[in-house]
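Heads up, the sequence shown stops at 1303 in this note's numbering, and the numbers go up one at a time, no gaps.
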Amino acid sequence: MNPGVTVQALRTAAHSVGSRDHRSTLVAIQTAQDALDAAKAHHMAELERTADYELDGASTVTAWARAHLRLDARQTRSLINADTTMRELPTLGEAAVAGQVRLDHVKLFTFGLKHIGAKVVTDAEPWLLAVATTHEPVQLRRVVQALRDAVYPDALDEEWIKGMSKEDLKISAVPEGWHLSGFLKTETGAKLKAVLDSLSIPVVANDDRTAAERRVAGLDRLLSSVLEAGLPTSKGIRPQLSVIVGVETLHEAMTAEPGTAQPVGEPAELAGFGPIGPQLLSYLACTGDITPILTTGDDIEQAQILNVGDTIRLATPAQRKAVIARQHGHCAAPGCTHTHLEIHHTTWWSRGGRTDLDGLIGICTSCHTLVHRGLLVIEALGQGKFDLTTRDGRPIDLAQRRT
């Protein structure tokens, strides 16, 4: 390792920090950071080789790094592996020390040495390095993967077959929501990615949600659509969410002012999840169908069902289309440009509200949640016009509200 190159990169970055040319400053800072990362990998490997970590009472290099650098074992081992790769591929090492490539690039060379072979990667080093010095790591990953596929074409089908045996999907209830984990075989994962990519495309220029947030919203939109009409029936009933709730608890959630409902009796229970609070109950009741079931007792598992009433449909498909068309496909809340809308009764049906167009408004999931938390108030003015204010009566400020 040539420390002079790293020192020069640091000097250049330090000199440019005071510059008004932000472009050159950022380039200098990134170069220095990448050079320092390469130096860190080198010294971490040297620390392991010399066992000098014992001078600080640490039993291993990972224990020392955890205590002094706040690095976990995986990060420490990754640095050491990167140094090994840079020693095996000296030209790559020189580029890393000079800050011309990132450690993320080096990790892909490490992958290549392990899964493609030292001879192939060594021979390919010049043109692989050309990709690394001019492209982000994700592009180098594609090139390295393509090289592996070319060298070992049978590995593609082998991996596909192995993937079938690894298929797994778990969804577990946790206090804050649901934890999703698993592994999908190639074609199943591709289908899921294609659907989520389609549903999570930003629809407006100022959509400030992260890609992950858009994917979750897209998945929610897909599931809502499927639950409404997209799945075959099971004994005449389409798959659905079920909330078991006593009449008093439901009445309190539906009649109290938004955000003020207090627990009454046993809390509502979302089937497969567990107890839920009154605000979420109010939201689910507003967006779903309600089927009254008369029983002989409080314990739903032991009670005898005496009568099942008709399901109350909150808005017909035709009404939904009319509301969305009236709002030109966008959320009715000022400043909100989301296009995935839920139909809300401005006067809740539990309070005598009617399911007609003058009382129905389309708002996005986020704004609908605000309504049931009492933070957004909507009043129907008639003829398809509405007044939206904060809970203390202030008009929504377009300059400050961003949903």
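Glycine residues also receive a C-beta, built at the ideal position from the N, C-alpha and C atoms.
Query raised in the report: Should the segment 978 to 991 be called in touch with the segment 923 to 943, which here means at least 3 C-beta pairs below 8 angstroms?
Result: yes
Query raised in the report: Expressed to the nearest angstrom, what Euclidean distance is found between the alpha-carbon atoms of Leu1257 and Arg1041?
Result: 53 angstroms
Report task. Taking all protein chains shown into account, decide if Pro1175 is buried (16 or more other Cβ within 10 angstroms of its Cβ) or exposed. Result -> exposed
Query raised in the report: Near Arg1121, which residues of its chain fall below 8 angstroms by C-beta distance, leaving aside the five closest residues on each side in sequence?
Result: Leu1099, His1240
Query raised in the report: Residues in its own chain within less than 7 angstroms of Ser919 by CB, not counting five upstream and five downstream?
Result: Thr925
Query raised in the report: Fully enclosed by the segment 914 to 966, which alpha helix (DSSP H) runs are 4 residues long or longer?
Result: 922 to 950
Query raised in the report: So the beta strand (DSSP E) Ile1071 belongs to, where does it begin and stop?
Result: 1068 to 1074
Requested in this report: Assign Pro1295 to one of two classes, buried (16 or more other C-beta atoms within 10 Å of its C-beta) or exposed (fewer than that).
Outcome: exposed
**Report entry** Status (buried if at least 16 other CB within 10 Å, exposed otherwise) for Phe1009
**Finding:** buried
Query raised in the report: Between Thr1033 and the rest of its own chain, which residues show a CB-CB distance below 7 angstroms, the 5 nearest in sequence each way excluded?
Result: Ala995, Gln1000, Val1001
Report task. Figure out for me which residue from Glu954, Cys1236, Gly1274 has the closest Cα to the Cα of Pro1178. Result -> Gly1274
Query raised in the report: What residues in its chain sit with their C-beta under 6 angstroms from that of Ser1072, if we drop five residues either side in the sequence?
Result: His1079
Report task. Please go through the same chain and pick out, in chain order, the residues whose beta-carbon is closer than 7 angstroms to the beta-carbon of Ala967, but skip the five residues on each side of it. Result -> Ala958
Query raised in the report: In this structure, does DSSP put Asp1258 in helix, strand or coil?
Result: helix
Report task. Return helix, strand or coil for Pro1026, following the three-state DSSP convention. Result -> helix
Requested in this report: State the beta-bridge partners of Thr1289 as determined by DSSP.
Outcome: Val1277, Pro1295
**Report entry** Spatial distance of Thr1265 from Asp1108 (CA atoms)
**Finding:** 16 angstroms
Query - Arg1114 versus Ala963, Lys1085, Ile1101, residue with shortest Cα-Cα distance - result: Ile1101
Requested in this report: Assuming Ala1225 contacts Phe1286 (C-beta within less than 8 angstroms), just tell me the rounded distance between them.
Outcome: Not a contact, Cβ separation roughly 16 angstroms.
Query - Spatial distance of Asp1097 from Thr960 (CA atoms) - result: 44 angstroms
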